[in-house]
Amino acid sequence: MELFTPDFGLIFWMFVAFAVLFFILWKWAWPAIMKGIDSRADFINKGVEYAQNAKEQLDHAREEADKQLVEARRQQAEVLREADKMKTQIIEEARVAAQKEAQKVMDAAKVSIEQSRKEAEQSFRDQVSDFALEIAQKVVKNQLADDKAQAKLVNSLLDEMEHNN
Amino acid sequence: MKKLFLILSLLIAALVSPVRVAADDHGGAKIDPKEIIFEHLGDGYGWEVPFNHHKRIPLPIIVWGSDGLHCFLSSRVAHGETYVDGDASFKIATEGDYKGKLVEIIDGKESKPWDFSITKNVLALFIAVIVVAFCCIMLARWHKRKGFEAPRKGLGLFETIVEFVYNGVVKSTLKENAPRFAPYLLTVFFFILFMNLLGLIVVFPGGANLTGNIAVTLVLALLTFFVTNIFGTKHYWKEIFWPDVPLWLKFPLPIMPIIEIFGMFTKPAALTVRLFANMMGGHMIVIVLTLLIFIFAEMGAAALGATTVLSMLFSIFMLLLDVLVSFIQAYVFTMLSTIFIALAQEKAEHEHKEKAEHEHKHEEKTAQAAK
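Have a look at this one:
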């Protein structure tokens, strides 16, 4: 029955040994180990979380980039279309302006032609009238010797005038 | 594999040798299995030298006799000699109530002095303390120096076990109280585990049947008992003396309180006996299996050969099983201690509810804040 009767000395030393061990570990070992384990677990959790976030962000960034690329293409097309439109517009405008200018020039030419024609006409008329007068003078000088002829001439001139008017 | 084989063969050699020598001692005379078993399971004033049954490593004996303190080496009282120190004379009793214990002889009568000797078990206890302290401090140093780096090899294994107990048992049961009790529970776990494992080593630094000694398990259970009751909450004590049961169960005859108080003491008793019986049983089976060889040896060579092989195989199997049992028993002791402490930490129901509600509200608030 020796096995079932606790020995006093052993109980005493067991208390002492456990107290010493507990003190040593409580003071120098467990706090550091527990802190180390907990903080490492936190660290790993944070790392995993960070990696997940990073992955998410990367996926997101890719999507964003794709979206931006599409947007850029769209904008590019728009710009090109706009440029095309602008080009035709500019050409049109230029054409219209050129036409206008040409019209103006032509009008001015017409006016000046008309003017010069009128001037020419005028000078021609003046000349003709001068010639006519000269001729008339000469004719009159020759023919106005006789009264009948004078009267006939006046009448014919009057008729002519009447006819002209 | 080679290494494993080497270890196994060494194990067999170590196992066989003390018993072989024991058999040799008796010089063909009948061996007394009971005596050998109890010698191996029990305590002693010297530690067997490997492969030699006569020589013992002498250990200091410290006793408080009838006339004060006496210190001497156990070699002085070996082989039934009587040691006279001043007026007092001591010897190891060979029969009677104190068989195997040191007794003081006063007027021809044997009486037991206060015995604080560093016996085999006490020395084994100290070795276990040193080993546990060394392992834990090494791990603590690693954590202080290397920060987040994970230890490898031995320390890695050790840390895995620490984490297993700390996260798996202590934290999951005690929740927010875990940091308060974790040092005690972890110390208990590793102390038991190392005592168990050292007990399985047959030669010198081990071999003491520590956790199979009722004094050791009793102290461990008492410590859990103290921790449980000293740190017990008001609610815990109320549940013991005035539990929530119909009035006639607690007044005028306090049936439930008596049962509860009885329960307070059965818990450590169960702890004591469970660890003690498991470890002692394991040791006993291994020794008995080995002794079978010598019992069958008298029947002739054939029987001896057959039993040797069979016994060795079974012994090895039992030893390996004991390695598992060492771990399981340390785990069970720690787990039950944790549960007992956790039960004594319970708050009253309405307090608990309030707290839960408060937490719930807090969570909602943070959730809203997050939105």
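Read top to bottom, the protein sequences are chains A and B. Under the working numbering, read the first sequence as residues 28 to 192, first letter to last. Under the working numbering, read the second sequence as residues 11 to 381, first letter to last. Note that the Cβ used here is the ideal one computed from N, Cα and C, for glycine as well.
* To do: Spell out whether any CB of chain B is found under 8 Å from the CB atom of A:V75.
  => Numbered from its first residue, the first sequence carries residue 75 of chain A at position 48. For A:V75, the answer is no, since every Cβ of chain B falls outside 8 Å of its Cβ.
* Using a cut-off of 7 Å between C-beta atoms, extract the partners of A:A44 located in chain B. => Looking up residue 44 of chain A in the first sequence gives position 17. Annotation: Cβ neighbours of A:A44 in chain B (cutoff 7 Å, chain order): L135, F136, V139.
* Span of the beta strand (DSSP E), counted from its first residue to its last, around B:S99 -> By 1-based counting over the second sequence, the position of residue 99 of chain B is 89. First-last of the beta strand (DSSP E) with B:S99: 98-102.
* Express the C-alpha separation of B:F201 and B:F235 in angstroms, rounding to a whole number. => In the second sequence, counting from the first residue as 1, residue 235 of chain B sits at position 225. In the second sequence, counting from the first residue as 1, residue 201 of chain B sits at position 191. Each residue's Cα considered, the two are about 17 Å apart.
* At a Cβ threshold of 8 Å, is B:N223 touching chain A? -> Along the second sequence, read from residue 1 onward, the residue named residue 223 of chain B stands at position 213. Interface criterion met: the Cβ of B:N223 is under 8 Å from a Cβ in chain A.
* To do: Taking only beta carbons into account, state which residues of the stretch 66-80 of chain B come closer than 8 Å to chain A, listed in chain order.
  => Cβ proximity to chain A below 8 Å picks out nothing from the stretch 66-80 of chain B.
* Asked: Who are the Cβ neighbours of B:T344 in its own chain at under 7 Å, not counting the five residues just before and after it?
  -> Mapped onto the second sequence, residue 344 of chain B falls at position 334. The answer, listed in chain order, is V175, V179, L195, V198, F199.
* To do: Step through the CB atoms of chain B and report whether any lies within less than 8 Å of the CB of A:D34.
  => On the first sequence, position 7 is the one that residue 34 of chain A refers to. Yes, contact with chain B.
* Comparing the C-beta of A:A78 with each C-beta of chain C, is any distance below 8 Å? -> The structure shown contains no chain C; the protein chains it does contain are A and B.
* Rounded Cβ spacing between B:V296 and B:S325 (contact assumed at less than 8 Å) -> To locate residue 296 of chain B, count along the second sequence from 1; it is residue 286. To locate residue 325 of chain B, count along the second sequence from 1; it is residue 315. That pair is a contact at about 5 Å.
* Asked: CB of B:G291 to nearest heavy atom of the ligand SAH: below 7 Å?
  -> Of the ligands one can find in the structure shown there are none, so the ligand SAH has no counterpart to examine.
* What's the C-alpha gap between A:R100 and A:E119? -> In the first sequence, counting from the first residue as 1, residue 100 of chain A sits at position 73. In the first sequence, counting from the first residue as 1, residue 119 of chain A sits at position 92. A:E119 has its alpha-carbon roughly 28 Å from the corresponding atom of A:R100.
* Taking 8 Å as the cut-off, decide whether the C-beta atoms of B:I265 and B:I250 are in contact. => Sequence index remark: in the second sequence, residue 265 of chain B carries index 255 (1-based). Sequence index remark: in the second sequence, residue 250 of chain B carries index 240 (1-based). The Cβ-Cβ distance between B:I265 and B:I250 does not fall below 8 Å.
* Taking Cβ-Cβ distances shorter than 7 Å, what residues in chain A pair up with B:A192? -> As a working note, residue 192 of chain B is residue 182 in the second sequence. Listed by position along chain A, the residues whose Cβ is nearer than 7 Å to that of B:A192 are W57, M61.
* B:F15 to B:H153 span [Cα, whole Å] -> Position 5 of the second sequence holds residue 15 of chain B. Position 143 of the second sequence holds residue 153 of chain B. If you draw a straight line from the Cα of B:F15 to the Cα of B:H153, it comes to about 35 Å.
* Asked: In whole angstroms, what is the alpha-carbon distance linking A:A163 and A:E187?
  -> Mapped onto the first sequence, residue 163 of chain A falls at position 136. Mapped onto the first sequence, residue 187 of chain A falls at position 160. Using only the alpha carbons, I get a separation of about 15 Å.
* Asked: Quick one: does B:G52 have its CB under 8 Å from some CB of chain A?
  -> Reading the second sequence from its first residue, position 42 is the one you call residue 52 of chain B. Output row for B:G52: interface = yes.
* **Limits of the unbroken beta strand (DSSP E) element including B:V4** => With chain B running from 11 to 381 in the structure shown, residue 4 of chain B is simply not present.
* Would A:M278 count as contacting chain B if we go by Cβ distances under 8 Å? -> Nothing can be reported for residue 278 of chain A, as the shown portion of chain A is limited to 28 through 192.
* Asked: When the Cα of B:V59 is compared with those of B:G217, B:L207, B:C146, which residue comes out closest?
  -> Counting from one through the second sequence, the residue named residue 59 of chain B turns up at place 49. Comparing Cα-Cα distances from B:V59 to each of B:G217, B:L207, B:C146, the minimum goes to B:G217.
* Asked: Which same chain residues, not among the five before or five after B:N206, have their C-beta less than 7 Å away from its C-beta?
  -> Here residue 206 of chain B refers to the residue found at position 196 of the second sequence. Counting only Cβ-Cβ distances below 7 Å, and skipping sequence neighbours, we find T221, M289, S336, Q339, A340.
* Give the straight-line distance between the Cα atoms of B:P28 and B:K248, rounded to the nearest whole angstrom. => Counting from one through the second sequence, the residue named residue 28 of chain B turns up at place 18. Counting from one through the second sequence, the residue named residue 248 of chain B turns up at place 238. Bear in mind that a pLDDT of 48 at B:P28, under 50, signals an unreliable position, so the number given afterwards is only what the model happens to contain. Roughly 56 Å separates the two Cα atoms.
* To do: Please work out which residues of its chain come closer than 6 Å, Cβ to Cβ, to B:K244, disregarding the five sequence neighbours upstream and downstream, and give them in chain order.
  => Looking up residue 244 of chain B in the second sequence gives position 234. Once the five neighbours on either side are set aside, B:K244 has no close Cβ partner at all.
* Asked: Measuring CB to CB, does B:K101 end up less than 8 Å from B:Y93?
  -> Within the second sequence, residue 101 of chain B is the residue found at index 91, counting from 1. Within the second sequence, residue 93 of chain B is the residue found at index 83, counting from 1. A contact, by the Cβ cut-off of 8 Å.
* Pairwise C-alpha distance: A:A147 and A:F158 -> On the first sequence, residue 158 of chain A is found 131 positions in, with the first residue counted as 1. On the first sequence, residue 147 of chain A is found 120 positions in, with the first residue counted as 1. Cα-Cα distance, rounded: 16 Å.
* Length of the line joining the Cα atoms of B:L281 and A:D86 -> Looking up residue 281 of chain B in the second sequence gives position 271. Looking up residue 86 of chain A in the first sequence gives position 59. For B:L281 and A:D86, the distance between alpha carbons rounds to 56 Å.
* **Contacting positions in the stretch 97-112 of chain A - beta carbon closer than 9 Å to chain B** => Of all residues in the stretch 97-112 of chain A, none is placed with a Cβ closer than 9 Å to any Cβ belonging to chain B.
* **Against chain A: residues of the stretch 152-178 of chain B by CB proximity under 7 Å** => Going along the stretch 152-178 of chain B in chain order, one finds H153, K154, F158, V172, E173, Y176 with a Cβ nearer than 7 Å to chain A.
* Since B:R66 is in the beta strand (DSSP E), which residue starts that stretch and which ends it? -> Along the second sequence, one-based indexing puts residue 66 of chain B at 56. Taken as a continuous stretch (DSSP letters only), the beta strand (DSSP E) holding B:R66 covers 62-68.
* From B:I128, B:F48, B:E114, pick the residue whose C-alpha is nearest to that of B:L83; which is it? -> Indexing the second sequence from 1 puts residue 83 of chain B at position 73. Nearest of B:I128, B:F48, B:E114 to B:L83, Cα basis: B:I128.
* Sorted by chain position, which residues of the same chain lie with C-beta nearer than 6 Å to B:C145's C-beta, five sequence neighbours on each side aside? -> Here residue 145 of chain B is taken as the residue at index 135 of the second sequence, counted from 1. Excluding sequence positions up to five before and after B:C145, its CB lies within less than 6 Å of the CB of F168, all in the same chain and listed in chain order.
* Asked: Would DSSP call B:G216 helix, strand or coil?
  -> Taking the second sequence and counting its residues from 1, the one referred to as residue 216 of chain B is at position 206. Of the three classes helix, strand and coil, the one that applies to B:G216 here is coil, per DSSP.
* Asked: What's the gap between the Cα of B:M328 and the Cα of B:K156?
  -> As a position in the second sequence, residue 328 of chain B is number 318, starting the count at 1. As a position in the second sequence, residue 156 of chain B is number 146, starting the count at 1. Here the alpha carbons of B:K156 and B:M328 stand approximately 40 Å from one another.
* B:D125 - DSSP class collapsed to helix/strand/coil -> Counting from one through the second sequence, the residue named residue 125 of chain B turns up at place 115. If DSSP states are grouped into helix, strand and coil, B:D125 belongs with the strands.
* In chain B, what lies closer than 7 Å to A:R67 by C-beta? -> Looking up residue 67 of chain A in the first sequence gives position 40. The contacting residues are F158.
* **Candidates B:G90, B:A134, B:P262: closest to B:E114 by CA position** => Translated into the one-based positions of the second sequence, residue 114 of chain B becomes position 104. Ranking the options by Cα distance to B:E114, first place goes to B:G90.
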